[in-house]
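Just below is one structure, and these are the notes that go with it.
Residue numbers (the numbering used here): 6 to 257.
Printed below as a string of structure tokens:
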């Protein structure tokens with residue numbers, strides 16, 4: 006199926022996202038959590054359909070834009086779903102969001118690559134309002150922010166936050182054949198970054214926080230005004246490491 010023919014799935018996802026924002030204006034935490042849950046799964050389904058659409062040249066920019074949108078929605082949804090006391094769904098969203106942010110990041114989580122991709126092309130913003138373009142800096146920052154968000158979740162819920170069953174080290178490669186989108190969707194729910202594939206809960210939490218701080222450091226080198234966010238990320242790493250009983254790695 007070509008990317009153009011997949012657009013109705015994107016429209017459905019964006020409508021569900023807009024509906025979730027509307028419901029969030031009420032005081033009903035359960036309804037809000039349910040509508041955000043629905044929106045996340047609609048958009049993640051679109052991402053998987055797009056990633057496995059092999060009858061046309063792979064639309065790299067479209068996949069990246071969709072993944073960034075999913076990472077944005079995931080960050081927006083997680084506190085809403087947590088307020089509905091749906092911890093297991095928050096964990097699923099966290100894994101989906103982590104995978105999406107990593108796939109949208111042109112530096113692939115490597116701080117040393119940030120300067121080399123800094124002048125890369127902007128992407129379409131896929132969101133209910135759809136205002137403005139998505140810059141490289143925004144995508145790298147999203148990858149950093151999501152790492153810390155998931156690290157905090159794992160540190161707070163170490164048993165619940167670990168993937169159930171086989172882990173999926175995040176990769177740009179997607180499956181082929183009948184059922185590929187379904188398998189890809191399941192993979193996102195069990196996602197771990199390749200750097201964390203063999204770590205336990207404490208190890209993954211610290212590694213994610215460390216990678217977050219390093220990406221923020223790279224952004225601060227490129228944009229001095231970002232230094233404050235880097236310092237917050239470094240302090241968060243130190244605090245998280247203390248909570249899980251290890252020494253925080255040094256951020257270069």
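Cβ coordinates follow ideal geometry from the N, Cα and C atoms, glycine included.
- By the neighbour-count criterion, in which 16 or more other beta carbons inside 10 Å mark a residue as buried, residue 175 falls on the buried side.
- DSSP places residue 108 in the helix class (H, G or I) of the three-state scheme.
- Counting only unbroken stretches of 4 or more residues, the alpha helix (DSSP H) elements lying wholly within the segment 46-99 are 65-88, in sequence order.
- In chain order, 207 place their CB closer than 8 Å to the CB of residue 250, counting only its own chain and leaving out the 5 sequence neighbours on each side.
- Residue nearest to residue 215 within the set 232, 195 and 246 is 246 (criterion: CA-CA distance).
- Here residue 239 has 218 and 256 as same chain residues with Cβ atoms under 6 Å from its own Cβ, once five neighbours each way along the sequence are excluded.
- DSSP places residue 173 in the strand class (E or B) of the three-state scheme.
- Around residue 243, the same chain offers 253 as residues with beta carbons nearer than 6 Å, after the five sequence neighbours per side are excluded.
- Inter-residue distance for residue 166 and residue 158 is about 7 Å (C-alpha atoms, whole angstroms).
- Its Cα nearest to that of residue 98, the residue 151 stands out among 151, 171 and 143.
- When C-alpha distances from residue 173 are compared across 191, 164, 183 and 161, the shortest belongs to 191.
- Counting of Cβ neighbours within 10 angstroms places residue 169 among the exposed residues, the total staying below 16.
- Straight-line spacing of the CA atoms in residue 237 and residue 227 works out to 17 Å.
- About 6 Å separates the beta carbons of residue 145 and residue 220, which is inside the 8 Å limit, making them a contact pair.
- By the neighbour-count criterion, in which a residue is buried when 16 or more other Cβ atoms sit within 10 angstroms of its Cβ, residue 47 is buried.
- As computed with DSSP, residue 128 is found in a beta bridge with 139.
- Under the three-state reduction of DSSP, residue 32 is assigned to coil, being neither helix nor strand.
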